[in-house]
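Residue numbering for the sequence shown follows full-length UniProt numbering, starting at 1 and increasing by one per position.
This report concerns only the one structure given below.
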Amino acid sequence: MRNYLLIFLIFTFNSVYSSELDNASKLRTLFTSPDVRHQLDLLRKAGKYSTINASETSKPSRKSIEIKAQGIVIRENKPPVIFINNKNTIKSNFINSNIKIGNIIKQSYKIPVSVNNKAIRLLPGQTWHESDNKIKESYLVDHSHKTTDSIDKNIETTVNTTD
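Right under this line is the structure:
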């Protein structure tokens with residue numbers, strides 16, 4: 001009985017092993033013909049198999065940057081603190097990865113700002129828009145993008161505190 005089992009296992013293992021070899025030999029002969037290889041190269045050069053579309057290669061549009069110079073605090077024996085876009089330069093001259101603040105000119109209060117390696121100089125209260133590359137006074141800038149919810153909350157708190 002043991003011999004029959006051994007013979008059965010040998011034939012079974014041999015058939016599984018030979019089928020793996022057959023698959024490998026089929027894979028090896030896939031590109032052995034020079035004519036087939038030449039045809040595939042021509043198709044590849046013609047762009048039939050290119051996987052990148054023109055829309056995928058274009059860079060995604062990013063939101064234009066707005067810089068609001070909100071103020072400067074000049075301190076004795078310490079570097080000045082500059083407030084830009086609701087952030088400050090107490091710990092670092094970098095507001096974010098795109099915005100770097102340089103050393104201010106104390107006589108004129110101009111703030112040198114580097115935005116994506118483009119240098120601009122702002123006074124406190126000025127706003128610069130990357131989209132039109134213009135510096136405007138902050139009180140003249142259109143703030144219509146703000147929501148009315150915050151205005152309503154401010155009105156409610158004002159009304160509630162006066163009662």
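Note that beta-carbon positions come from the ideal geometry of N, C-alpha and C, so glycine has one too.
P112 places its beta carbon 8 Å or farther from that of A69. Taking C-alpha positions only, K87 is separated from Q107 by approximately 23 Å. Across the structure, N77 and E66 are spaced so that their CA atoms are roughly 31 Å apart. Membership of L43 in the alpha helix (DSSP H) is indicated by the continuous run P34 to A46.
A straight-line Cα-Cα distance of about 15 Å links L42 and S33.
Per DSSP, R62 lies in no beta strand (DSSP E) segment and is marked neither H nor E. Contact between V141 and E130 fails: their C-beta atoms lie close to 14 Å from each other, not under 8 Å. Going by beta carbons, I90 and I101 fall outside the 8 Å limit.
A direct Cα-to-Cα measurement between K45 and N93 gives close to 50 Å. If you draw a straight line from the Cα of Q126 to the Cα of S64, it comes to about 17 Å. Rounded to the nearest whole angstrom, the CA to CA distance from L40 to R62 is 39 Å.
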